[in-house]
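Chains as they are written, first to last, in my numbering: chain A, 4 to 113; chain B, 643 to 754. C-beta atoms are modelled at their ideal positions from N, C-alpha and C, and glycine is treated no differently.
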Amino acid sequence: GENVEQHPSTLSVQEGDSAVIKCTYSDSASNYFPWYKQELGKRPQLIIDIRSNVGEKKDQRIAVTLNKTAKHFSLHITETQPEDSAVYFCAASSDYKLSFGAGTTVTVRA
Amino acid sequence: SQTIHQWPATLVQPVGSPLSLECTVEGTSNPNLYWYRQAAGRGLQLLFYSVGIGQISSEVPQNLSASRPQDRQFILSSKKLLLSDSGFYLCAWTRGAENEQYFGPGTRLTVT
Chain A
4 GENVEQHPST
14 LSVQEGDSAV
24 IKCTYSDSAS
34 NYFPWYKQEL
44 GKRPQLIIDI
54 RSNVGEKKDQ
64 RIAVTLNKTA
74 KHFSLHITET
84 QPEDSAVYFC
94 AASSDYKLSF
104 GAGTTVTVRA
Chain B
643 SQTIHQWPAT
653 LVQPVGSPLS
663 LECTVEGTSN
673 PNLYWYRQAA
683 GRGLQLLFYS
693 VGIGQISSEV
703 PQNLSASRPQ
713 DRQFILSSKK
723 LLLSDSGFYL
733 CAWTRGAENE
743 QYFGPGTRLT
753 VT
């Protein structure tokens, strides 16, 4: 089955700086890669996704890049704000299922 | 638009008691449905998924079971709860194999 690894597990950034989270996957058949943001006590919310026929996608301050050859994808958050503090999960889709990374706790320092 | 409901929102149950959690989706037909569990401070563990009525795939062997009696209804059950069953149970849906997956509000279960 698919195995997704996510790094780092925790990330502390100064407000206004950028944050980068990296994920690798094992199944070359995976071709859909979503990112979720989960605030404390809440459900995970889909924030951005990318498909294998696209190398990069951007939505305001967040962007995702995908390298299918190397089997890794990354989330970039620019101009971080306190409301960006949350746990972020990457995932890869294979056989009707999403395999999730272990999560990255992002803390934005004011 | 589509909406996903879960109930109850919170539940406190003694060890050995039964469990029934319900999830329903509105505004779509023939969704793929998923049950996840999230232990405190941990990641998302896929428990069951279903691509159609009466079809259930289990990801991990444990004392939980799932059923899909109707197209947009997904139920998670247990005959006897264990302490280790405590956690945040999330239902999710998607239209197809590689489409956006959306989570319900979750049920927070504490087994005492």
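- Under the three-state reduction of DSSP, E664 of chain B is assigned to strand.
- With a 10 Å radius around the Cβ and a threshold of 16 neighbouring Cβ atoms, K45 of chain A comes out exposed.
- Sequence-distant partners of V16 of chain A (beyond 5 residues in either direction) whose C-beta falls short of 8 Å from its own C-beta, in its chain, are A22, T83, V109, T110, V111, R112.
- According to the DSSP assignment, R714 of chain B belongs to no beta strand (DSSP E), since it is labelled neither H nor E.
- Your pair L663 of chain B and I717 of chain B checks out as a contact, with CB atoms roughly 7 Å apart and the cut at 8 Å.
- Against chain B, the CB of L49 of chain A has a partner CB under 8 Å away; the residue lies at that interface.
- Distance from the CA atom of C665 of chain B to the CA atom of L706 of chain B, rounded to whole angstroms, is 15 Å.
- Sequence-distant partners of E742 of chain B (beyond 5 residues in either direction) whose C-beta falls short of 8 Å from its own C-beta, in its chain, are T736.
- Minimum Cα-Cα distance from Q644 of chain B among the listed residues B:L653, B:S671, B:V657 corresponds to B:S671.
- Shown here, L725 of chain B sits in a helix according to DSSP, grouped into three states.
- Between L751 of chain B and L653 of chain B a beta carbon distance of about 5 Å is seen, short of the 8 Å cut, so the two are scored as contacting.
- Not one beta carbon of chain A lies nearer than 8 Å to the beta carbon of G669 of chain B.
- Within the segment 76–103 of chain A, the residues whose Cβ lies closer than 7 Å to some Cβ of chain B are F92, S96, Y99, K100, L101, F103, listed in chain order.
- When Cβ pairs closer than 8 Å are counted between the two stretches, the segment 72–90 of chain A is seen not to touch the segment 719–739 of chain B, the count staying below three.
- The distance from the Cβ of L732 of chain B to that of Y678 of chain B is about 4 Å, consistent with a contact at the 8 Å cut-off.
- When secondary structure is reduced to three states using DSSP, D52 of chain A falls in the strand class.
- V7 of chain A is positioned such that its CB atom lies closer than 8 Å to that of C26 of chain A.
- Where Q41 of chain A is concerned, the enclosing beta strand (DSSP E) starts and stops at 35–41.
- If you check each beta-carbon in the segment 741–752 of chain B against every beta-carbon of chain A, the ones closer than 9 Å belong to N741, E742, Q743, Y744, F745, G746, P747, G748, R750.
- Spatial neighbours of E18 of chain A in its own chain (CB-CB distance under 7 Å, excluding positions within 5 residues in sequence) are listed in chain order as T83, Q84, P85, V111, R112, A113.
- Cβ atoms of V753 of chain B and S728 of chain B come within 8 Å of each other, at about 5 Å.
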